[in-house]
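Chemist:
In my numbering, the protein residues as written are 109 to 653.
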């Protein structure tokens, strides 16, 4: 039960409530974290800027938003009853169904009573005198808490950087802040900036609805065609019968998916390699990317062959040489960027009402009252502008909060110099701050997010249980421990082709952001093992008192 308090904080604010833990975010991680901490008897308040639960699946309600992990593995696996109580309509469901599922979870676990919605966390300051955090919100709350757990999401801080947006006379949306009311595209001149995973989903969905669609493309993307069968009652029963199998397998594969790397490139003949690649491609999932050949990520010759295979498949569908030049990557390898699943995305560009504006050598200069102006002075007149421009990945959600640790050090300032964490679970200099979905842990780049988030939530929960059992008040990684983890992370990441390719995986999309591969590349199973070893060692390398 929360208690009122008048404890003074380091910033002079008076606490309006006192709890054991504050959880920031009510998405996949936040809901589970709230549940776990509450189950061990803590008083917990979760805070979310949205008006409802869902996190990513609340905000990203743009046309075509859907899973690209299979629905039956993008699930919580801590409760068989919870798992089997929900049936999916198809293999890769759309956002409305996903949001309904997360509401089902919140209701089944009775979580809403401890969530404060429509509230933004503005600051969190660690008070060294009390060894507690003071969390302030835009509603005027000042919450005194022992533990602060951030569950803000890897891809939740929209990245928008075009001057003049406020002058546009039409309607302008970022895909991650899409309005709840439907948008009428009929007869409208629509421009979309960005053709990553999100842009692809929007383009293929609205191409047939708009009057005219201009797609502003800088970097073409490799794609995989999605196969999305509907699920019958028998199908649902079949995947539910594998619950035990999923709980045993998913936490230990390389990417937290059901499938895993099974073949060594050098061990197969050229004919057999081609057969494996074709089989993975024909699965209509992410299988080609994350379970064909691990060498794809490390060996340039292997990557080149698989990249050419995908280009060949794309050329077969596009046919037009001009479209091939604009839509098929030529200067980076398959899998070193995020690989999207698509449904008739390439065919959208055969429509007479869809055109490509290449901004690789003629970049967007600004948004004007009438539309989008490129460097050559052309103004593309539009009624609606859609920004599928991505995110300040991994760090952005936390650097937008004024988080201050020991001696007033600022996380925003620290990460502006060098992006560092200890296993993506804590940060040196910030006692009792626990993090999920931040850099140097497996994340959206190479992980089925529910698998990774559940593991991170459980590690945090078990760590806090350990502290309470030992009557310990504060935990923080030592500098040596953090240095060792960063070095280990970098050694693995820098051996990959990902580290040699500009993308949001390295923060390359955000000007001035320190360059580092954001996601742990050693594999989900290996990461889990390392985290388990730390816990088994009584958290060796972490200072506790």
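Don't be surprised by glycine CBs; every beta carbon is placed ideally from N, CA and C.
Just so we're clear, the structure is a prediction, and the values are computed from it rather than from any experiment.
Nearest-angstrom Cα distance between residue 122 and residue 232?
Modeler: In the chain shown, the residue the question calls residue 122 occupies position 14. In the chain shown, the residue the question calls residue 232 occupies position 124. If I take the Cα positions, the gap works out to 13 Å.
Chemist: To which residues of the same chain is residue 175 closer than 7 Å at the C-beta, ignoring the five residues directly before and after it?
Modeler: Start at 1 with the first residue of the chain shown, and residue 175 comes out as number 67. So the qualifying residues of the chain are 182, 200, 201 and 206.
Chemist: Please confirm if the region 639-650 is in contact with the region 281-292, defined as three or more CB-CB distances below 8 Å between the two stretches.
Modeler: Judged by Cβ distances under 8 Å, the region 639-650 makes no contact with the region 281-292, as fewer than three pairs qualify.
Chemist: Going by the CB atoms, is the gap between residue 463 and residue 277 shorter than 8 Å?
Modeler: Your numbering for residue 277 matches position 169 in the chain shown. Your numbering for residue 463 matches position 355 in the chain shown. Result no, Cβ atoms of residue 277 and residue 463 do not sit closer than 8 Å.
Chemist: Here's the rule I'm using: 16 or more other beta-carbon atoms within 10 Å means buried, otherwise exposed. How should residue 197 be labelled?
Modeler: Residue 197 sits at position 89 when you count from the first residue of the chain shown. Looking at its Cβ environment, which holds fewer than 16 other Cβ atoms inside 10 Å, residue 197 is exposed.
Chemist: Quick check on the burial criterion: 16 or more other C-beta atoms within 10 angstroms. Buried or exposed for residue 275?
Modeler: Taking the first residue of the chain shown as position 1, residue 275 is located at position 167. Exposed, by the Cβ-count rule.
Chemist: Give the straight-line distance between the Cα atoms of residue 347 and residue 412, rounded to the nearest whole angstrom.
Modeler: Stepping through the chain shown from its first residue, residue 347 is reached at position 239. Stepping through the chain shown from its first residue, residue 412 is reached at position 304. Cα to Cα, residue 347 sits roughly 36 Å from residue 412.
Chemist: To the nearest angstrom, how far is it from the Cα of residue 523 to the Cα of residue 621?
Modeler: Taking the chain shown and counting its residues from 1, one reaches residue 523 at position 415. Taking the chain shown and counting its residues from 1, one reaches residue 621 at position 513. Rounded to the nearest angstrom, the two C-alpha atoms are 9 Å apart.
Chemist: For residue 421, count neighbouring Cβ atoms within 10 angstroms of its own Cβ and tell me buried if that reaches 16, exposed if not.
Modeler: Locating residue 421 in the chain shown gives position 313, counting from the first residue. When all chains shown are included, residue 421 counts as buried.
Chemist: Between the beta-carbon of residue 691 and the beta-carbon of residue 507, is there less than 8 Å?
Modeler: Residue numbering for the chain in the displayed model covers 109 to 653; residue 691 lies beyond these limits and cannot be assessed.
Chemist: So if DSSP puts residue 241 in a beta bridge, which residue, or which two residues, is it bridged to?
Modeler: The residue you call residue 241 lines up with position 133 of the chain shown. The partner list for residue 241 (beta bridge, DSSP) reads 234 and 253.
Chemist: So, at 7 Å on beta carbons, what are the nonlocal neighbours of residue 474 in its own chain, with the 5 sequence-adjacent residues on each side left out?
Modeler: Here residue 474 corresponds to residue number 366 of the chain shown, with the count starting at 1. Closer than 7 Å at the Cβ level, and outside the excluded window around residue 474, lie 270, 271, 272 and 481.
Chemist: By the DSSP assignment, the alpha helix (DSSP H) with residue 154 in it spans what residues?
Modeler: The residue you call residue 154 lines up with position 46 of the chain shown. Unbroken run through residue 154 is the beta strand (DSSP E), 152-155; no alpha helix (DSSP H).
Chemist: Which residues in the same chain have their Cβ closer than 6 Å to the Cβ of residue 465, if we skip the five residues on either side of it in sequence?
Modeler: Reading the chain shown from its first residue, position 357 is the one you call residue 465. Cβ neighbours of residue 465 beyond the five flanking positions: 322 and 324.
Chemist: Contact between the region 607-616 and the region 566-583: three or more CB pairs below 8 Å?
Modeler: As far as the Cβ criterion goes, the region 607-616 does not touch the region 566-583, which means the pair count is below three.
Chemist: Have a look at residue 119 and residue 144 and give me their C-alpha separation to the nearest angstrom.
Modeler: On the chain shown, position 11 is the one that residue 119 refers to. On the chain shown, position 36 is the one that residue 144 refers to. Because residue 119 carries a pLDDT of 47, less than 50, the predicted location of this residue cannot be relied on, and no value is offered for it.
Chemist: Return the chain-ordered list of same chain residues with a C-beta closer than 6 Å to the C-beta of residue 629, the five sequence neighbours on each side being excluded.
Modeler: Working through the chain shown from its first residue, we reach residue 629 at position 521. These residues qualify, in order along the chain: 600, 601 and 604.
Chemist: With residue 479 as the anchor, note down where its beta strand (DSSP E) starts and where it stops.
Modeler: The residue given as residue 479 occupies position 371 in the chain shown. 479-482 is the extent of the beta strand (DSSP E) around residue 479.
Chemist: Taking only runs that begin and end inside the region 292-334, name each unbroken alpha helix (DSSP H) of 4 or more residues, in chain order.
Modeler: Whole alpha helix (DSSP H) segments, 4+ residues: 305-314.
Chemist: Considering only residues of the same chain and omitting the five flanking positions on each side of residue 113, which have a CB-CB separation below 6 Å?
Modeler: One-based indexing of the chain shown puts residue 113 at position 5. Bear in mind that the predicted position of residue 113 carries a pLDDT of just 46, short of 50, making it unreliable; the figure below should be weighed with that in mind. Once the five neighbours on either side are set aside, the close Cβ partners of residue 113 are 123, 126 and 252.
Chemist: Just the Cα atoms here: how many angstroms apart are residue 226 and residue 247?
Modeler: Your numbering for residue 226 matches position 118 in the chain shown. Your numbering for residue 247 matches position 139 in the chain shown. In a straight line, the C-alpha of residue 226 is about 9 Å away from that of residue 247.
Chemist: Ends of the alpha helix (DSSP H) at residue 599?
Modeler: By 1-based counting over the chain shown, the position of residue 599 is 491. That run of the alpha helix (DSSP H) goes 587-601.
Chemist: Just curious, the beta strand (DSSP E) that residue 80 is in, first and last residue?
Modeler: Residue 80 is absent from the structure shown; the chain starts at 109 and stops at 653.
Chemist: Could you check which residue in 586, 550 and 541 has the C-alpha nearest to that of residue 569?
Modeler: The residue given as residue 569 occupies position 461 in the chain shown. Nearest of 586, 550 and 541 to residue 569, Cα basis: 541.
Chemist: When burial is assigned at 16 or more other CB atoms within 10 Å of the CB, is residue 342 buried or exposed?
Modeler: Locating residue 342 in the chain shown gives position 234, counting from the first residue. Label assigned to residue 342: exposed.
Chemist: Please say whether residue 314 and residue 331 have beta carbons closer to each other than 8 Å?
Modeler: By 1-based counting over the chain shown, the position of residue 331 is 223. By 1-based counting over the chain shown, the position of residue 314 is 206. No. Outside cutoff.
Chemist: Classify residue 486: buried if its beta carbon has 16 or more other beta carbons within 10 angstroms, exposed otherwise.
Modeler: Translated into positions along the chain shown, residue 486 becomes position 378. That one is exposed.
Chemist: What does the alpha-carbon distance come out to for the pair residue 263 and residue 576?
Modeler: If you number the chain shown from 1, residue 263 lands on position 155. If you number the chain shown from 1, residue 576 lands on position 468. Roughly 32 Å separates the two Cα atoms.
Chemist: I need the boundaries of the alpha helix (DSSP H) containing residue 543, first residue and last residue.
Modeler: Taking the chain shown and counting its residues from 1, one reaches residue 543 at position 435. From DSSP, residue 543 is part of no alpha helix (DSSP H) but of the beta strand (DSSP E) over 541-543.
Chemist: Which value, in whole angstroms, describes the spacing of the CA atoms of residue 244 and residue 250?
Modeler: In the chain shown, the residue the question calls residue 244 occupies position 136. In the chain shown, the residue the question calls residue 250 occupies position 142. About 4 Å.
Chemist: By DSSP, does residue 654 sit in helix, in strand, or in coil?
Modeler: The question about residue 654 has no answer here: the residues shown for the chain are numbered 109 through 653.
Chemist: Take residue 514 and list the residues in its own chain whose beta-carbon comes closer than 7 Å to its own, dropping the five residues that flank it on each side.
Modeler: Numbered from its first residue, the chain shown carries residue 514 at position 406. Within the same chain, residue 514 has close Cβ partners 234, 236, 537 and 539.
Chemist: Can you grab the Cα-Cα spacing for the pair residue 450 / residue 425, in whole Å?
Modeler: Working through the chain shown from its first residue, we reach residue 450 at position 342. Working through the chain shown from its first residue, we reach residue 425 at position 317. For residue 450 and residue 425, the distance between alpha carbons rounds to 13 Å.
Chemist: Starting from residue 492, follow the beta strand (DSSP E) in both directions and report where the run begins and ends.
Modeler: On the chain shown, residue 492 is found 384 positions in, with the first residue counted as 1. 492-495 is the span of the beta strand (DSSP E), which, as asked, contains residue 492.
Chemist: Does DSSP put residue 407 in a helix, a strand or coil?
Modeler: Residue 407 sits at position 299 when you count from the first residue of the chain shown. Note: residue 407 maps to coil in three-state DSSP.
Chemist: Alpha carbon to alpha carbon, how far is residue 408 from residue 637? Give it in angstroms, no decimals.
Modeler: Within the chain shown, numbered from 1, the residue matching residue 637 stands at position 529. Within the chain shown, numbered from 1, the residue matching residue 408 stands at position 300. Approximately 29 Å, taken between the alpha carbons.
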